[in-house]
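The block underneath contains the structure these notes are about, expressed in structure tokens.
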Amino acid sequence: MEKINRSITVILIFFIQSYQWMLRPLIGQHCRFYPSCSSYAIEAIERQGWIKGIFLIIYRLSRCHPWCKGGSDPVPKK
Numbered sequence: 215m216e217k218i219n220r221s222i223t224v225i226l227i228f229f230i231q232s233y234q235w236m237l238r239p240l241i242g243q244h245c246r247f248y249p250s251c252s253s254y255a256i257e258a259i260e261r262q263g264w265i266k267g268i269f270l271i272i273y274r275l276s277r278c279h280p281w282c283k284g285g286s287d288p289v290p291k292k
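Residue numbering for the sequence shown is 215 to 292, as defined by my numbering.
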């Protein structure tokens, strides 16, 4: 089971980093939070595991809209 969890973690981080390397330079960085949403996603997955990390990412992305002030929003400690 640990190998499966690690594999899923590596795959998710790979996709997020691919976005950072390929798409972010084209569309620019417009995140209203610090750290950026993609950096937050990687840190959430690494720190909390992929299952809880996905919920944290969804919650973070749901708050990313024009009416949100943004600001500093670190990943919670485990």
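Don't be surprised by glycine CBs; every beta carbon is placed ideally from N, CA and C.
Residue range of the alpha helix (DSSP H) that includes tryptophan 264 | Counting along the chain, the unbroken alpha helix (DSSP H) around tryptophan 264 starts and ends at 264–276.
Whole angstroms is fine: what's the gap from isoleucine 256's alpha carbon to isoleucine 227's?
-> 6 Å
Could you spell out the range, first to last residue, of the alpha helix (DSSP H) harbouring proline 239?
-> 238–241
For phenylalanine 247, which residues does DSSP report across the bridge?
-> The partner list for phenylalanine 247 (beta bridge, DSSP) reads Gly285.
Taking three-plus beta-carbon pairs below 8 Å as touching, is the segment 233–243 in contact with the segment 267–275?
-> No, they do not touch.
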